[in-house]
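In what follows, a structure is listed as structure tokens, so that the remarks can point back to it.
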Amino acid sequence: MKKQFAIIGLGRFGGSVTKELVEQGADVLAIDSDRTKADEFRDIATQVVIANATDEQVLRELDIPLYEHVVVAIGNDIEASILATLLLSEMGVKHICVKAETDHHEKVLKKIGAHRVLHPEREMGARLAHHLLSANIVDYIELSSQDTIIEAVATPSLIGQTIQDLNIRALYGCTIIAIRRQGRLMAAPQANEVIQAEDVLVLLGPKKAIYAFEKDFI
Ligand code: ATP
Ligand code: ATP
Ligand code: CA
53 MKKQFAIIGL
63 GRFGGSVTKE
73 LVEQGADVLA
83 IDSDRTKADE
93 FRDIATQVVI
103 ANATDEQVLR
113 ELDIPLYEHV
123 VVAIGNDIEA
133 SILATLLLSE
143 MGVKHICVKA
153 ETDHHEKVLK
163 KIGAHRVLHP
173 EREMGARLAH
183 HLLSANIVDY
193 IELSSQDTII
203 EAVATPSLIG
213 QTIQDLNIRA
223 LYGCTIIAIR
233 RQGRLMAAPQ
243 ANEVIQAEDV
253 LVLLGPKKAI
263 YAFEKDFI
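See the structure below:
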């Protein structure tokens, strides 16, 4: 059975989540209180509904509790975002993901049962900063407030050495979880693996450990 997704709020964020899910073959119920916005998605989403997500009756009529994932992507109207999240939480929705505008907003969302809170602008900002700092960092993903994953192109100081020689985990506290080499992903490389030119290293670890490694090698 296909996973069921409902997206509330079709701004740039909710809109792009919707488009990507549909492109990947998922069924998406798209909800927006604004008619013009909703109409934009008529030919994109599986089902489009003009509705106010802070109205419990409406959410029940749409069978929202049956959806496996519900995303709340209401931005400016923080009150509406909180109220919609609270209703979803009370209805027992399994996975509630909400876009937050501020730290206070995030704190409240977590208290009322959001399972995942995102700050797209902040997260993209942090990613961009890493790209700007080093052309060798090809990606940066924040897993939590502590842990991150980076993908970095091997620099001359790494090439020709084994993971063991570099003693990365012991010295820095981060782990090479994979190496991308010539289009192939080598997961969990052995300690005796020799790093080659153009390898992309995928490193996982606490932010501080990753920064220290970046500073010395990337
Ligand atoms: P983005 O940055 O993702 O473009 P935003 O953070 O600026 O969006 P808004 O434009 O405020 O967020 O809201 C996103 C969408 O949510 C809008 O299209 C708006 O019509 C819709 N929306 C706002 N309140 C509700 C509500 N109560 N129920 C359903 N949709 C809503
Ligand atoms: P550990 O207890 O840290 O796993 P180990 O005694 O099992 O180390 P090896 O697996 O042979 O020893 O690795 C030697 C050293 O190489 C480790 O201490 C670690 O610092 C580093 N190392 C091994 N694998 C990785 C990896 N995937 N990423 C980063 N460093 C690694
Ligand atoms: Ca916004």
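Note that our numbering has the sequence shown beginning at 53, numbered continuously upward. Quick reminder that beta carbons are idealized off the backbone N, C-alpha and C, glycines included.
Residue environment, residue i, which counts as buried when at least 16 other CB atoms sit within 10 Å
i, result
"Ile215", "buried"
"Pro208", "exposed"
"Thr70", "buried"
"Ile102", "exposed"
"Gly144", "exposed"
"Lys55", "exposed"
"Val254", "buried"
"Asp251", "buried"
Backbone secondary structure at residue i - three-state DSSP
i, result
"Arg233", "strand"
"His167", "coil"
"Ala240", "coil"
"Ile59", "strand"
"Lys71", "helix"
"Asp84", "strand"
Whole-number beta carbon distance between residue j and residue i, since they are thought to touch under 8 Å
i, j, result
"Ala136", "Thr106", "5 Å"
"Ala261", "Gly225", "4 Å"
"Ile229", "Leu256", "5 Å"
"Gln248", "Ile202", "That belief does not hold up - the Cβ atoms of Gln248 and Ile202 are roughly 18 Å apart, past 8 Å."
"Ser197", "Glu266", "That belief does not hold up - the Cβ atoms of Ser197 and Glu266 are roughly 18 Å apart, past 8 Å."
"Glu153", "Ile130", "6 Å"
Same chain, Cβ closer than 7 Å to residue i, five either side skipped, listed in chain order
i, result
"Val160", "Ile134"
"Val100", "Ala82, Ala90, Phe93 and Arg94"
"Asn18", "Look at the range of the chain in this structure, 53 to 270, and you will see that residue 18 is not part of it."
Cutoff 6 Å; reference residue i; Cβ partners in own chain excluding five residues on either side
i, result
"His121", "Phe57 and His147"
"Lys89", "Leu62"
"Thr200", "Glu194, Lys259 and Ile262"
"Gly165", "Ser141"
Any non-hydrogen atom of ligand 4 within 7 Å of residue i CB
i, result
"Ala58", "As presented, the structure is devoid of ligand 4, carrying ligand 1, ligand 2 and ligand 3 as its sole ligands."
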